[in-house]
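Residue numbers for the sequence shown follow the numbering used here, so the first one is 1027 and each next one is one higher. From the three backbone atoms N, C-alpha and C, an ideal C-beta is built for every residue, glycine too. A quick write-up on the structure given underneath.
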Amino acid sequence: MSLGALCDLPALRPRSERVALVGLRGAGKSTLGRRLAREMEVPFVELDERVERLAGLSLAAIFDLEGVETYSRLESEALEEVLAEGQRMVIATGGSIVTREHSWARVREACTTVWLRAAPEHHLERVLAQGDHRPVEGHPRALDELRDILGRRGALYAMADEHVETSGRTLDSVTEELVSRVDAATNGG
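See the structure below:
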């Protein structure tokens, strides 16, 4: 194989400084994404906000009025728009992006991906602390449902380039690890 052919192999191409954070709601994608973007001196993009902008509706209204299929289509459109904006950014994805094969493949192809992992209890605590009580309202087994979702998606999240555990850690320590891992992943070492 020629040197030119070796350089064309995906694993040998330099990674962009486009980072996508994945994980369940409450993993810390928004909070840590903003911190990481500040450290990298790049823009921070909340993909779900772009979906809302495209639809002219809140996420809740999209799901209630249009359904999951419309959300998935809008998410794919928003993702392509965001990716076209440049090579340097931090993107907080929606928690379910890994369940849509095309979108998840596109994110992995175009970004350094980081799975922000947390115990199911911590996911739920964080969401409730943000004032979002939808996971528990009318769901007496919310924690069991969250465990089930994490169980179904775990192998998909595990496809991310990096995994960072957030449970039982300070924001500063997680941010430090995140910056270090992303720096190594995007700069080849």
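Check your understanding: If you draw a straight line from the C-alpha of THR1201 to the C-alpha of ASP1209, how long is it?
Key -> Going from the Cα of THR1201 to the Cα of ASP1209 covers about 12 Å.
Practice item. Using a threshold of 8 Å, state whether the C-beta atoms of ALA1211 and THR1138 are closer than that. Key: Yes. Within cutoff.
**Study point:** Under the three-state DSSP convention, the category THR1119 falls into
**Key:** It is coil, neither helix nor strand.
Review point. Is it buried or exposed for ASP1074, if we count other Cβ within 10 angstroms and need 16 for buried?
Key: Answer is buried; the Cβ neighbour count reaches 16.
Practice item. Going by DSSP, name the residue or residues bridged to VAL1057. Key: Note on identity: in this sequence residue 1057 is Thr, with Val being the wrong assignment. DSSP lists no partner for THR1057.
Review point. So THR1192 is in the alpha helix (DSSP H); what residue range does that whole segment cover?
Key: No alpha helix (DSSP H) contains THR1192, which DSSP labels as neither H nor E.
Check your understanding: Among PHE1070, ARG1143, LEU1085, LEU1091, which has the Cα closest to the Cα of LEU1182?
Key -> Taking only the C-alpha atoms, the option nearest LEU1182 is ARG1143.
Exercise for review: Taking 8 Å as the cut-off, decide whether the C-beta atoms of VAL1133 and LEU1105 are in contact.
Suggested key: LEU1105 is positioned such that its CB atom lies closer than 8 Å to that of VAL1133.
Practice item. Note down the Cα distance separating ARG1051 from GLY1121, rounded to an integer number of angstroms. Key: So the two alpha carbons sit approximately 6 Å from each other.
**Study point:** For LEU1047, the residue or residues it bridges with in DSSP
**Key:** Beta-bridge pairing links LEU1047 to ALA1118, VAL1140.
**Study point:** Where the alpha helix (DSSP H) through GLU1075 begins and ends
**Key:** Looking at the DSSP string, the run of the alpha helix (DSSP H) that includes GLU1075 is 1073–1081.
Review point. Tell me, which residues are paired with PHE1070 by DSSP?
Key: Note: PHE1070 is bridge-paired with VAL1116 in the DSSP secondary-structure output.
Exercise for review: For ALA1118, collect the residues of the same chain with a Cβ closer than 6 Å to its Cβ; drop the 5 residues on either side in sequence, then sort them by chain order.
Suggested key: These residues qualify, in order along the chain: LEU1047, LYS1055, SER1056, GLY1059, GLU1072.
**Study point:** VAL1140 and ASP1187 closer than 8 Å at C-beta
**Key:** Taking a C-beta distance under 8 Å as the contact criterion, VAL1140 and ASP1187 qualify as a contact pair.
Check your understanding: Cβ of LEU1080 within 8 Å of Cβ of GLU1103?
Key -> Less than 8 Å divides the Cβ of LEU1080 from the Cβ of GLU1103.
**Study point:** Presumed contact (8 Å Cβ cut-off) between LEU1062 and LEU1204, rounded CB distance
**Key:** Contact flag correct, Cβ pair sits at about 5 Å.
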